[in-house]
Amino acid sequence: MAQVESKNRATSDPDARKKVLKEIKERGIEDVLLWFTDVEGHLKSFSITTSEVEGALDDGMGFDGSSVTGFNAIEESDMVAIPDPGTFRILPDGLTGRLICDVVTPDGQPFGGDPRHVLRLALERMKSMGFDTFNIGPEAEYFLFKDDKGTETLDEGGYFAQTTMDAATTIRRDTIRALEQMGIPVEYHHHEVGPSQHEIDIRFTNAADMADYMLTYRLIVKEVAKQHGYHATFMPKPLFGENGSGMHTHQSLFTDGRNSFYDADDKWHLSATGKAFIAGQLRHAREITAVFAQWVNSYKRLVPGYEAPVYVAWSQRNRSALIRIPLYKPGSENATRAELRCPDPACNPYLTFACLLHAGLEGIEKGYELPDPMETNLYHLTAEQRREQGIVSLPETLGEAIDELSRSELARKALGPHIFDRYVELKRKEWDEYRVQLTDWEMKKYLPVL
Ligand code: GLU
Ligand code: MG
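Going by our numbering, the sequence shown opens with residue 420, and the numbers climb by one from there.
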């Protein structure tokens with residue numbers, strides 16, 4: 420690990436850098452963690468001593484990218500992590516600082532394999548189209564289990580259950596405290612539908628900050644559970660026959676502090692921009708499903724009957740639709756938004772937000788027409804009725820989703836050539852590994868009778 424001279428810093432506001440150094444000194448910080456993610460969104464972290472921070476902020480820290488999933492092969496593996504001073508936070512132990520990094524090549528160019536860069540490019544496209552902010556409010560659900568070896572639950576509570584002061588309630592309270600200590604404002608939190616299933620909603624903010632927040636959120640949820648001796652998981656469908664864990668994503672575009680999705684005169688209070696954005700996400704949903712639902716297990720969640728979406732349609736009330744437009748409350752123009760219900764909390768938030776934004780912008784740029792809303796429960800329609808109404812489904816497996824992604828021009832544009840190629844290869848491998856497995860289900864079903 421070495422400090423390197425970089426010619427083209429991704430972040431270089433000298434005042435912000437000075438502020439970090441001052442805070443480290445004043446708060447007696449002993450160690451600083453530098454974070455970034457691989458292409459699947461796994462948190463990567465290395466630690467530097469406080470004496471190294473100034474150099475790291477100025478010139479970045481070199482590291483070997485060859486062992487990071489989706490980065491580079493050995494022969495071109497030198498990478499540089501440049502801490503973004505605006506992301507400096509102190510972990511709940513009070514002694515460790517953390518900074519989120521941009522990854523650049525040794526000659527200072529943004530690295531095409533860095534998911535944070537992919538999101539930045541999507542935001543640039545948005546700005547070139549006249550919008551200044553992509554706001555995101557995610558509802559990331561998770562389960563608490565006794566340990567990571569099985570799925571023994573801590574309670575049998577259901578939706579909004581106010582369980583007595585049991586372990587889960589205490590854990591959730593401690594988690595929220597830790598998140599707020601780290602500067603992440605929480606809006607709602609409650610028990611979810613599944614046993615031992617919980618949801619903490621972070622207050623909406625711009626997509627770049629929100630993707631950073633999601634890394635912190637997932638870590639804090641897991642850490643606090645562990646401190647209590649339990650295991651928290653964002654696995655999309657850990658319990659057969661119960662709801663899975665989703666990450667419903669509320670989205671809107673703002674310009675000069677005004678919500679570009681709002682139109683007072685429209686019957687849904689949706690502007691032409693809002694409609695075209697939603698139309699873009701509907702039209703391209705199948706192509707980018709492999710990004711917001713990236714695991715074999717994600718597709719066990721996206722099945723009928725568990726409040727997860729399956730069909731590509733939009734609605735105001737209907738929770739079986741892919742996109743829901745929450746009902747307008749008078750006076751809350753800024754809250755007009757599209758709630759996309761298909762992502763799960765084990766996605767890479769940078770790539771997910773980037774793909775969602777590109778799909779929506781495509782709709783605006785090309786003037787896509789929004790189809791009529793579907794207010795019936797889509798789970799109850801027969802295949803024939805869906806066909807008649809032109810309603811398509813999301814991919815049913817990771818294999819199908821990767822086939823769609825690999826043919827998608829939009830996904831190639833959104834992810835960039837580096838991540839696009841590696842992602843398709845990586846996820847095909849995961850699918851191939853899975854599809855040759857013999858499951859308990861088929862042994863029990865077939866062995867006695869075939
Ligand atoms: N857990 C459900 C899902 O998989 C969502 C439940 C809800 O919050 O409405 O998306
Ligand atoms: Mg929920």
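Note that the Cβ used here is the ideal one computed from N, Cα and C, for glycine as well.
heavy atom of the ligand GLU below 8 Å from residue i C-beta
i	result
Gln616	yes
Other residues of its chain near residue i: CB distance less than 6 Å, five sequence neighbours each side excluded
i	result
Glu861	none
Asn678	Ser671, Glu752, Asn753 and Thr755
Gln856	none
Leu869	none
Thr742	Here residue 742 turns out to be Ile, not Thr, going by the sequence shown. Once the five neighbours on either side are set aside, the close Cβ partners of Ile742 are Ile697, Trp733, Ala757 and Leu759.
Ser464	Leu452 and Trp454
Ala421	Below a pLDDT of 50, predicted positions are generally treated as unreliable, and Ala421, at 46, falls in that range; no measurement from the model is reported.
Leu634	Leu462
Pro614	Thr572 and Glu575
Cys766	Phe711 and Gln713
Ser812	Val729 and Tyr730
Pro511	Ala597 and Gln600
Thr624	none
7 Å CB neighbourhood of residue i in its chain, flanking five on each side removed
i	result
Glu815	Tyr718
Val423	Any reading at Val423 is ruled out, since the residue's pLDDT is 45, under 50, leaving its predicted position unreliable.
Asp503	Thr430, Leu518, Ile519, Cys520 and Asp521
Asp432	Pro504
Glu599	Val605
Glu852	none
Asn716	Met654, Pro655 and Lys656
Ala644	Leu563, Ile590, His650 and Ala651
Tyr725	Asn662 and Gly663
Arg446	Ile509
Ile821	Ala709, Val843, Lys846, Arg847 and Trp850
Same chain, Cβ closer than 8 Å to residue i, five either side skipped, listed in chain order
i	result
Thr488	Asp457, Val458, Glu459, His461 and Leu845
Gly448	First, the residue type needs correcting, since residue 448 is Ile and not Gly in the sequence shown. Here the set comprises Glu442, Thr469, Ile509, Leu514, Thr515 and Gly516.
Ile783	Met548, Thr692, Ala695, Phe696 and Gly699
Arg854	Gly818
Arg622	Gly556, Pro604, Val605 and Glu606
Tyr769	Thr456, Gly460, Pro534, Arg535, Val537, Leu538 and Ala630
Arg841	Val458, Gly489 and Gly532
beta-carbon residue i near the ligand MG non-hydrogen atom, thresh 8 Å
i	result
His667	yes
Glu558	yes
Glu844	no
Glu611	yes
Cβ of residue i within 9 Å of any chain D Cβ
i	result
Gly786	Going by chain labels, chain D is absent from the structure shown, which holds only one protein chain.
Residue i beta carbon near the ligand PLP (any heavy atom closer than 8 Å)
i	result
Gln700	Here the bound small molecules are the ligand GLU and the ligand MG; the ligand PLP is not part of this structure.
Around the ligand GLU, Cβ to any heavy atom closer than 5 Å, ordered along the chain: Asn662, Gly663, Gly665, Glu726 and Ala727
Please determine if the segment 789-798 and the segment 735-749 are in contact, where contact requires at least 3 C-beta pairs separated by less than 8 Å. yes
In chain order, what are the residue ranges of uninterrupted beta strand (DSSP E) at least 3 long that sit wholly in the segment 538-571? 552-564
Three or more C-beta pairs closer than 8 Å, one from the segment 826-834 and one from the segment 701-721: is that the case here? yes
Would you call the segment 719-734 in contact with the segment 773-784, where contact means no fewer than 3 C-beta pairs closer than 8 Å? Between the segment 719-734 and the segment 773-784 there are fewer than three C-beta pairs closer than 8 Å, too few to call the two in contact.
Report yes or no: do the segment 776-785 and the segment 630-648 share at least 3 C-beta pairs separated by less than 8 Å? no
For the segment 496-536, list the beta strand (DSSP E) runs that are entirely contained and at least 3 residues long, ordered along the chain. 497-509 and 515-523
Any alpha helix (DSSP H) of 4 or more consecutive residues that is wholly inside the segment 642-723: 691-711 and 717-720
Every unbroken alpha helix (DSSP H) within the segment 788-821, with a cutoff of 4 residues, ordered by chain: Listed in chain order, the complete alpha helix (DSSP H) runs (minimum 4 residues) inside the segment 788-821 are 802-807.
Runs of 3 residues minimum, wholly inside the segment 426-462: which ones carry the beta strand (DSSP E) assignment? 450-456
Just to confirm the assignment: which complete alpha helix (DSSP H) runs, minimum length 4, are found wholly within the segment 821-850? If we require 4 residues or more, the segment 821-850 turns out to have no alpha helix (DSSP H) run fully inside it.
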